[in-house]
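First residue of the sequence shown: 92, per our numbering; consecutive thereafter.
Step one of this worksheet: look at the structure below.
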Amino acid sequence: MSNNKDKILRISALIFMIISVGHLLRLIFGLEAVIGGFNIPKYFSILALIIFGLLSYFSFKATR
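Right, dumping it as structure tokens:
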């Protein structure tokens, strides 16, 4: 059972890492994000980068 839990935690950590890298790339390259005609501000990506980065870190840490 523990092996299955570790596998799920690693997959979720990888997904969180991909999302955080996406937000980091948006900040580095200055890309715009528009949803329904509304321009998403850069501080949203900073906040998302921190949140998803921490989720990824703690998910990887929980597998050890």
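Heads up, the beta-carbon is just placed ideally off N, CA and C, and yes, glycines get one too.
Through-space distance from residue j to residue i, alpha-carbon basis
i, j, result
"I109", "L140", "10 Å"
"Y134", "R117", "11 Å"
"V125", "V112", "18 Å"
"G144", "F120", "19 Å"
"Y148", "E123", "27 Å"
"N130", "S103", "28 Å"
Residues near residue i in its chain [Cβ-Cβ closer than 6 Å; skip 5 each side]
i, result
"T154", "D97, L100, R101"
"H114", "S136, A139, L140"
Cβ neighbours of residue i in the same chain (closer than 7 Å, five flanking residues each side left out)
i, result
"L146", "F107"
Residue i: CB within 8 Å of a non-hydrogen atom of the ligand FAD
i, result
"K98", "In the structure on display, the ligand FAD does not appear, and there are no ligands present to speak of."
Closest Cα partner of residue i within the set the options
i, options, result
"F151", "L105, N95, P132", "L105"
Which complete beta strand (DSSP E) runs does the stretch 107 to 147 hold, if anything under 3 residues is left out? Along the stretch 107 to 147, the beta strand (DSSP E) occurs as fully enclosed runs of 3 or more residues at 124 to 126, 129 to 131, listed in sequence order.
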